[in-house]
Ligand SMILES: Cc1cc2nc3c(=O)[nH]c(=O)nc-3n(C[C@H](O)[C@H](O)[C@H](O)COP(=O)(O)O)c2cc1C
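Numbering (our numbering), first residue to last: 672 to 1076.
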């Protein structure tokens, strides 16, 4: 028999956890999200279905994205114990400059559709945390405006080569004049991958007011109010307003399917800053591009939005690193949903990782605060996992500490 006693008032008082309620409901909901999957869930409740699907979806069977995520789940780390891990340094070097975290923001088109605060909000968070921001050719903020609004963010410009050369050169001049340090040339979009969710939802860029969308308005009045009371959505880098179709249609209409290594030579002749090539999916192409004199490659399947059943970048990474040597910059992206995904890529040889959807989920879930929450969650996961792995610097995370089961 356990002996009972009367509750003692002082003990009861010490158990009371009363705090003044936080009246910022957006922040309360964001704080309840314990990981990026929760932020994704919140995003799906805050944005019309077609917009969420455009962001969340991938091409064809969506196997490229699903397999990339599965592979991250199949990672197994080898932790070491009895090391002093009081202080950890999460920074990496990207093209000779320190990035405070081992990840950066990938370029994503049409960001103001996901959240009306758009590219500048995302760039402000990048600036706050000391990480890189990539602006897309399909961005809804111009390179000049972004540079003006967030002048101190370290910024890259993601370029798509258009069929006609002249507008490309003019755009590169604008990018140069606005202080972008690196051009990221995306080469996996010779045509648009077919994204069935967009086709089924009838999503056009920009979204059209159809009967279906009008019905949807009632469910997402805030999103529509924000869309209709801010500057119209335009491709701010391009001299066109409306694609008149899905993103796949748009890509196929304006981007050049004939680009080859010769175009990289041309680009190097008109751009004297750093040059990365994004969308590399084989060891052979990585070596070819290294020999062509670019500054680095990004192993990427466009987040599974282009080629269906493409290789998993994380699986390709060790072989690519072996073939290009330790001094060539290799970044990787696709499917990152956790800090441990980022650590796995660093361990297997990436200089850094890019994230796309993760920050867009944040933007849809809660604007700038949502993007901030995403970075804070990833940062905390990275710091905690580094300690549990027994490392204080990321170069201690060597390939023998990571395996894919
Ligand atoms: C909604 C969306 C739009 C994107 N737009 C572009 C783009 O304009 N240019 C580009 O090079 N990549 C674009 N990407 C691909 C990203 O740069 C990146 O490769 C991808 O998002 C990484 O996968 P993750 O979203 O799973 O992190 C886009 C991705 C998404 C999700």
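We treat Cβ as the ideally placed atom computed from N, Cα and C, and that holds for glycine.
> If you compare alpha carbons, which of 724, 950, 782 is closest to residue 867?
Replying inline: 724
Q. Straight-line CA distance for residue 928 to residue 834?
A. 8 angstroms
ask   = Just the Cα atoms here: how many angstroms apart are residue 692 and residue 997?
value = Between residue 692 and residue 997, the C-alpha separation is close to 52 angstroms.
Among 726, 774, 770, the one whose alpha carbon lies nearest that of residue 783: 726
For residue 698, is the beta carbon positioned less than 7 angstroms from some heavy atom of ligand 1?
-> no
Query raised in the report: Can you name, in chain order, every residue of its own chain whose Cβ lies under 8 angstroms from the Cβ of residue 958, other than the five neighbours on each side?
Result: Annotation for residue 958: 994, 995 place their beta carbon closer than 8 angstroms to its own, counting only its chain and skipping 5 residues before and after.
| task | Could you pull out every residue in the same chain whose Cβ sits closer than 7 angstroms to the Cβ of residue 708, ignoring the five residues on either side in sequence? | result | 1008
Next on the checklist: Out of 1066, 1045, 1069, 1052, which one is the CA nearest neighbour of residue 776?
Outcome noted: 1045
ask   = How would you label residue 788, buried or exposed, when you count the other beta carbons within 10 angstroms and need 16 or more for buried?
value = buried
Subject >> Neighbourhood of residue 780 by C-beta, 6 angstroms cutoff - its chain only, sequence neighbours within 5 removed >> reply: 807, 809
Quiz item: Per DSSP, what kind of secondary structure is residue 704 in: helix, strand or coil?
Solution: Three-state DSSP puts residue 704 in coil, outside helix and strand.
heavy atom of ligand 2 below 7 angstroms from residue 1029 C-beta: This structure simply doesn't include ligand 2; it includes ligand 1 instead.
Check your understanding: DSSP on residue 952, reduced to helix/strand/coil?
Key -> DSSP places residue 952 in coil when its eight states are reduced to three.
inquiry  = Measuring only the C-alpha atoms, how far is residue 681 from residue 1041?
reply    = 40 angstroms
### Query
Applying the criterion that 16 or more other CB atoms from any shown protein chain within 10 Å of the CB defines a buried residue, is residue 964 buried or exposed?
For residue 964, the number of other beta carbons within 10 angstroms of its own is below 16, and it is reported as exposed.
At a cut-off of 7 angstroms, would you count residue 792 as near ligand 1, judging by its Cβ distance to the nearest heavy atom? no
- Query: Using 8 angstroms as the Cβ pair cut-off and three pairs as the minimum, do the region 847-863 and the region 944-953 touch?
  - Reply: yes
Practice problem: Would you mind reading off the limits of the beta strand (DSSP E) that contains residue 827? | Solution: 826-830
Quick one: what's got a C-beta closer than 7 angstroms to residue 983's C-beta in the same chain, skipping five residues either side? Excluding residues within five positions, the ones whose Cβ falls inside 7 angstroms are 738, 739, 742.
Practice prompt. Work out the CA separation of residue 1047 and residue 1070 for me, nearest whole Å.
Written response: 26 angstroms
query = According to the Cβ coordinates, are residue 954 and residue 991 closer than 8 angstroms?
reply = yes
* **Where the beta strand (DSSP E) containing residue 853 begins and where it ends** => Judged by DSSP secondary structure, residue 853 falls within the beta strand (DSSP E) whose first and last residues are 853-857.
Within the present structure, is the beta-carbon of residue 971 separated from the nearest heavy atom of ligand 1 by less than 7 angstroms?
yes
Which runs of the alpha helix (DSSP H) fall wholly inside the region 932-1019 and span at least 4 residues, in chain order? 932-941, 954-962, 984-995, 1010-1018
Practice prompt. Return helix, strand or coil for residue 778, following the three-state DSSP convention.
Written response: coil
Quiz item: Given a threshold of 16 other Cβ atoms within 10 Å of its Cβ, counted over all protein chains shown, does residue 689 qualify as buried or as exposed?
Solution: exposed
Fill in: The beta strand (DSSP E) enclosing residue 747, as first and last residue numbers
746-748
| request: From the DSSP output, read off the bridge partner residues of residue 1074. | output: 747
**OP:** Report yes if the C-beta distance between residue 905 and residue 869 is below 8 angstroms; otherwise report no.
**Re:** no
> How should residue 872 be labelled, buried or exposed, when 16 other C-beta atoms within 10 angstroms of its C-beta is the threshold for buried?
Replying inline: buried
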